[in-house]
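Note sheet for the following structure.
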Amino acid sequence: MHDHGGGGGHDAGHHHGTEHHHGGEVSQTQLLTAALESLLVEKGLLSSDTIDQLVERYEKDIGPMIGARVVARAWTDPAYKQRLLSDSASALAELGIHMDNLVVVENTPAVHNAVVCTLCSCYPWAVLGLPPTWYKEPAYRSRMVIEPRAVLREFGLELDESVEVRVWDSSAEQRYLVLPDRPAGTEGMTEAELARLVSRDSMIGVARAAAPAHAR
Amino acid sequence: MPDSRLSPKVDVEGPGAPPRRNGELVFQAPWEGRAFGLAVALGDAEHFPWEAFRTRLIAAVAASDRRPQGERRAYYESWLGALQRLLVDRGILTAAEIEDRMRQFATGQRDIVRPGAP
Numbered sequence: 009m010h011d012h013g014g015g016g017g018h019d020a021g022h023h024h025g026t027e028h029h030h031g032g033e034v035s036q037t038q039l040l041t042a043a044l045e046s047l048l049v050e051k052g053l054l055s056s057d058t059i060d061q062l063v064e065r066y067e068k069d070i071g072p073m074i075g076a077r078v079v080a081r082a083w084t085d086p087a088y089k090q091r092l093l094s095d096s097a098s099a100l101a102e103l104g105i106h107m108d109n110l111v112v113v114e115n116t117p118a119v120h121n122a123v124v125c126t127l128c129s130c131y132p133w134a135v136l137g138l139p140p141t142w143y144k145e146p147a148y149r150s151r152m153v154i155e156p157r158a159v160l161r162e163f164g165l166e167l168d169e170s171v172e173v174r175v176w177d178s179s180a181e182q183r184y185l186v187l188p189d190r191p192a193g194t195e196g197m198t199e200a201e202l203a204r205l206v207s208r209d210s211m212i213g214v215a216r217a218a219a220p221a222h223a224r
Numbered sequence: 012m013p014d015s016r017l018s019p020k021v022d023v024e025g026p027g028a029p030p031r032r033n034g035e036l037v038f039q040a041p042w043e044g045r046a047f048g049l050a051v052a053l054g055d056a057e058h059f060p061w062e063a064f065r066t067r068l069i070a071a072v073a074a075s076d077r078r079p080q081g082e083r084r085a086y087y088e089s090w091l092g093a094l095q096r097l098l099v100d101r102g103i104l105t106a107a108e109i110e111d112r113m114r115q116f117a118t119g120q121r122d123i124v125r126p127g128a129p
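Which chain is which? The protein sequence lines are A and B, in order. Numbers given in my numbering equal positions in the first sequence, counted from 1, plus 8. Numbers given in my numbering equal positions in the second sequence, counted from 1, plus 11.
What follows is the structure in C-alpha cells.
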C-alpha cells in the first residue's frame, strides 16, 4: 500500500492523524500548508488575499441558507418546483445561483432521498456551504449506502417501512440536493418564513424540515 | 443534529478536538481553511482541471480509510496531501522546493503566520 509521498517530499500528516489538534507545536501539516501557499504566491499563481476572501466567503456567506431559499421557492411555487426538478441549472439561475451539475431529488410521502459521497465527500458547496464533519467521516460514507435506514435512525429520523429510501452517491459531475417534504401546518407562511424551516441536514436528507413553531 | 449520534461508529477526534456546534464548524484549524482555499483558488483559476485534484483526493481518502481507526487522517490532511501530490505531478512545484520551504518555516526563517508575505 504505497499511498504517501509520491513526490518524495513530506506528505500531509504523515505522522499522526490528529496532531494538529493539540496546539503549541507546529505540525507538519501546518508547515506544508504554509510552504505551498508561500511558493504559489511567490510564483504568482495566486495571492494570499484571494485565499483570505475565498475562505471567509465559505465560512461566513455561503451556507445552507442559499439552498433553503431554493427549497422555500419550490414549496410556494409549483411551476418553479417543476423547473427545478427538470432543469435545475436554469431554475437556480433564476435565483442568481450558478451551478450546472446539481440534481434536485424530491421527497414525497412514498420516497425519501438522502445524499452521500462515498469516494471523497463531494458536496453541493454553492448551495449548502461546506460539508459538516460527519459527512466526511468513513462511517457515514460507507454505511449510508449499506444500511441507510439504520444511519437515518441514528440521526433521529424514523421512516415507515413502506417508505422507499433512495441514496444518491455524489460525483464531480453530479451533485444532489434533497427537496424535503413541506411540513404540515405551514399553509399561509411566507417564503422567508418557510426558508427558516429548511435545515442543511434536511437538504442532505438526514432530517426532515422543521415543523413550524406553533405546531410543535 | 449533534455529531455524537454517529460517534460510536465515527473516528475519535482526540482529546484536543475543538468543540463543535452541531457540526457547523467547517474548519477545525486555520490551516484547514488555507488548504481548502489553495486548492479551490487554483482550480478556479484553471491551473489544473478539478478532476485531476479529485482523483488524487479520492486516492488519499481511500488510503486513510484503510488505516486502523485511530490512525486515519483528518479529511483536510487527505485534501492537503492530494494537493501537494497534484502540484508536484504537474510540475507546478518540485518536491525539493516544498521540503526546503517547510524547513524555512520550521526553523523560523520565515513567518508561518503570513506565509504569503514576501
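By construction, the Cβ of each residue, glycine as well, lies at the ideal position given by its N, Cα and C atoms.
Amino acids of chain A, ordered along the chain, whose beta-carbon sits closer than 7 Å to that of residue i
{"i": "B:P126", "result": "A42, E45, S46"}
{"i": "B:F116", "result": "L39, A42, A43"}
{"i": "B:E62", "result": "A180"}
Buried versus exposed, by CB contacts within 10 Å (16 or more), residue i
{"i": "A:T116", "result": "exposed"}
{"i": "A:K68", "result": "exposed"}
{"i": "A:E145", "result": "buried"}
{"i": "A:R161", "result": "exposed"}
{"i": "A:K51", "result": "exposed"}
{"i": "B:S3", "result": "No answer is possible for residue 3 of chain B: it lies beyond the span of chain B, which begins at 12 and ends at 129."}
{"i": "A:T141", "result": "buried"}
{"i": "A:A76", "result": "buried"}
Nearest to residue i (by Cα), restricted to the options the options
{"i": "B:A93", "options": "B:L68, B:Q39, B:A40", "result": "B:L68"}
{"i": "A:R65", "options": "B:G127, B:F47, B:E62", "result": "B:F47"}
{"i": "A:V135", "options": "A:V186, A:T126, A:A158", "result": "A:V186"}
{"i": "B:L98", "options": "B:H58, B:Q39, B:R45, B:G81", "result": "B:H58"}
{"i": "A:V111", "options": "A:D177, A:E199, A:P140, A:M197", "result": "A:D177"}
{"i": "B:R145", "options": "B:V51, B:P126, B:D76, B:A128", "result": "What is shown of chain B runs 12 to 129, which leaves residue 145 of chain B out entirely."}
{"i": "B:Q39", "options": "B:I109, B:G102, B:R121, B:A85", "result": "B:A85"}
{"i": "B:P60", "options": "B:P79, B:A74, B:R101, B:A128", "result": "B:R101"}
Cut-off 6 Å between Cβ atoms - residues of its own chain near residue i, not counting five sequence neighbours on either side
{"i": "B:E43", "result": "Y87"}
{"i": "A:G15", "result": "Caution is warranted here: a pLDDT of 36 is assigned to A:G15, below 50, making its placement in the model unreliable, and the coordinate value is therefore given only provisionally. So the list is empty, once near-sequence residues are dropped."}
{"i": "B:I123", "result": "F116"}
{"i": "A:A97", "result": "D108"}
{"i": "A:H29", "result": "Legend: pLDDT at A:H29 = 42, less than 50; position of this residue unreliable, value from coordinates given subsequently. Nothing meets the Cβ criterion."}
Beta-carbon contacts of residue i that lie in its chain and below 8 Å, excluding the five residues immediately before and after
{"i": "A:R174", "result": "V113, V119, H120, N121, A122"}
{"i": "A:R216", "result": "L165, P188, D189, P191, S210"}
{"i": "A:I59", "result": "E45"}
{"i": "A:L100", "result": "V78, L92, H106, M107, L110, V135"}
{"i": "A:S55", "result": "V49"}
First and last residue of the uninterrupted alpha helix (DSSP H) at residue i
{"i": "B:D100", "result": "86-100"}
{"i": "A:E50", "result": "36-50"}
{"i": "A:E102", "result": "96-102"}
{"i": "B:D111", "result": "106-117"}
Residues that residue i contacts on chain B, provided the C-beta gap is smaller than 8 Å
{"i": "A:S178", "result": "Simply none; closest approach about 11 Å."}
{"i": "A:K144", "result": "Y86"}
{"i": "A:S55", "result": "G127"}
{"i": "A:L205", "result": "Correct list: empty, because the minimum Cβ distance to chain B is about 15 Å."}
Interface partners of residue i on chain B, CB under 7 Å
{"i": "A:Q38", "result": "W42, I123"}
{"i": "A:I59", "result": "R45, G48, L49, A52"}
{"i": "A:L3", "result": "Not covered by the structure: residue 3 of chain A. The range shown for chain A is 9 to 224."}
Continuous beta strand (DSSP E) stretch holding residue i: start and end
{"i": "A:Y66", "result": "A:Y66 -> no beta strand (DSSP E), and no H or E assigned at all."}
{"i": "A:L187", "result": "183-187"}
{"i": "A:E172", "result": "172-177"}
Cutoff 7 Å; reference residue i; Cβ partners in own chain excluding five residues on either side
{"i": "A:G31", "result": "Legend: pLDDT at A:G31 = 44, less than 50; position of this residue unreliable, value from coordinates given subsequently. Result list for A:G31: empty, nothing under 7 Å."}
Residues that residue i contacts on chain B, provided the C-beta gap is smaller than 9 Å
{"i": "A:L127", "result": "R65, L68, I69, V72, A73"}
{"i": "A:V111", "result": "In chain order: nothing, as chain B lies at least about 18 Å away."}
{"i": "A:V34", "result": "F116, A117, I123"}
Partners in chain A for residue i, counting only beta-carbon separations shorter than 8 Å
{"i": "B:E108", "result": "L47"}
{"i": "B:R101", "result": "Going along chain A, no residue has its Cβ under 8 Å from B:R101, so there is no contact; the nearest lies around 11 Å."}
Within-8 Å CB hit, residue i to chain E
{"i": "B:Q95", "result": "Going by chain labels, chain E is absent from the structure shown, which instead holds the protein chains A and B."}
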